Structures are given as C-alpha cells and as structure tokens.
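Here the structure is laid out as structure tokens; the discussion comes afterwards.
This is the structure we're talking about:
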C-alpha cells in the first residue's frame, strides 16, 4: 500500500470550502488542464452511496474510473473509494478542519497498484509526483474560488 497526503490552509470557513466541493461542476473545476478527463456521470453529491464515473486519458488510452462515496460527515469529511479503475485499490479521504477561523483542507489517499509491491517500488515515485502536481493544482483552485 502507498500513501499520499496534501494539506493546505484555505482562508474561508469549512462550510464555504465544503459547499464548493458540492458544486455539480467540481470535477471539471479541479481537473488540471494537463489531465484530460470526461465526467460520465455523477449521482448523489458527497453523500454516502454517491457515484462518480469518469474517463481519464493517458495519452490516447481511455481509462474508466468508478468511485463510490463510503463516508460523509457534513463540513468535516467525505471519503470516496474506487470500485473499478486503474488502481488495485484507492481510498481518498477529504478532510475539512477548522483552524484559526480558516479551513485546513487535507486530501489523504491510500492506494495500491496492479502488479503488487514490485510495480509499486518501480513506478510508485511517478504516481506520487503526478499526485503532488494534481493536488497542488486542486488546492490552488480551491483557494482561488473560496477566498474570493
């Protein structure tokens, strides 16, 4: 299993940052321009049982990803888990913590790659680098939208 965490402080209360994440166009907003993605369907918002299906493109290859929300505590956290997709497993927890009148937004991901430990050892650094770039972008957009 591999772990990734990215955290930043947003100058807005948790309710504002949470409501931003409830927007119907949130995936389009938070997708970096270098990662072509199509949202196929999104049902249920952030609630437990909500489903999101999207298609990522790795070069010309489309990869379908289906995720279900498995945990939701309004204004505090929600968790999505990959049901099917490119990873062996993927659990992504989004946390919103009040910190000095602002929000500490933390994205924590636990994942494993197909092929097991050898593949993770060989290419895990590449996935970590891609995740770091993606979440820097996502937190930048969140700050821009929630602090304005």
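Residue numbers (the working numbering): 876 to 1023.
From the three backbone atoms N, C-alpha and C, an ideal C-beta is built for every residue, glycine too.
Bear in mind the structure is a predicted one, so any value in this text is a computation, not a measurement.
When the Cα atoms are used, what is the spatial distance from residue i to residue j?
{"i": "residue 894", "j": "residue 959", "result": "27 Å"}
{"i": "residue 922", "j": "residue 956", "result": "13 Å"}
{"i": "residue 882", "j": "residue 980", "result": "6 Å"}
{"i": "residue 999", "j": "residue 933", "result": "16 Å"}
{"i": "residue 949", "j": "residue 991", "result": "35 Å"}
{"i": "residue 1023", "j": "residue 970", "result": "21 Å"}
{"i": "residue 927", "j": "residue 976", "result": "31 Å"}
{"i": "residue 919", "j": "residue 964", "result": "22 Å"}
How is residue i classed by DSSP in three states: helix, strand or coil?
{"i": "residue 921", "result": "coil"}
{"i": "residue 909", "result": "coil"}
{"i": "residue 1012", "result": "helix"}
{"i": "residue 987", "result": "strand"}
{"i": "residue 1019", "result": "helix"}
Here's the rule: buried if 16 or more other CB atoms are within 10 angstroms of the residue's CB, otherwise exposed. What is residue i?
{"i": "residue 892", "result": "buried"}
{"i": "residue 930", "result": "exposed"}
{"i": "residue 936", "result": "exposed"}
With respect to the beta strand (DSSP E) encompassing residue i, which residues constitute its N-terminal and C-terminal limits?
{"i": "residue 961", "result": "No beta strand (DSSP E) holds residue 961; DSSP gives it neither H nor E."}
Mind checking which residues open and close the alpha helix (DSSP H) that includes residue i?
{"i": "residue 937", "result": "First-last for residue 937: 936-948, but that is the beta strand (DSSP E), not the alpha helix (DSSP H)."}
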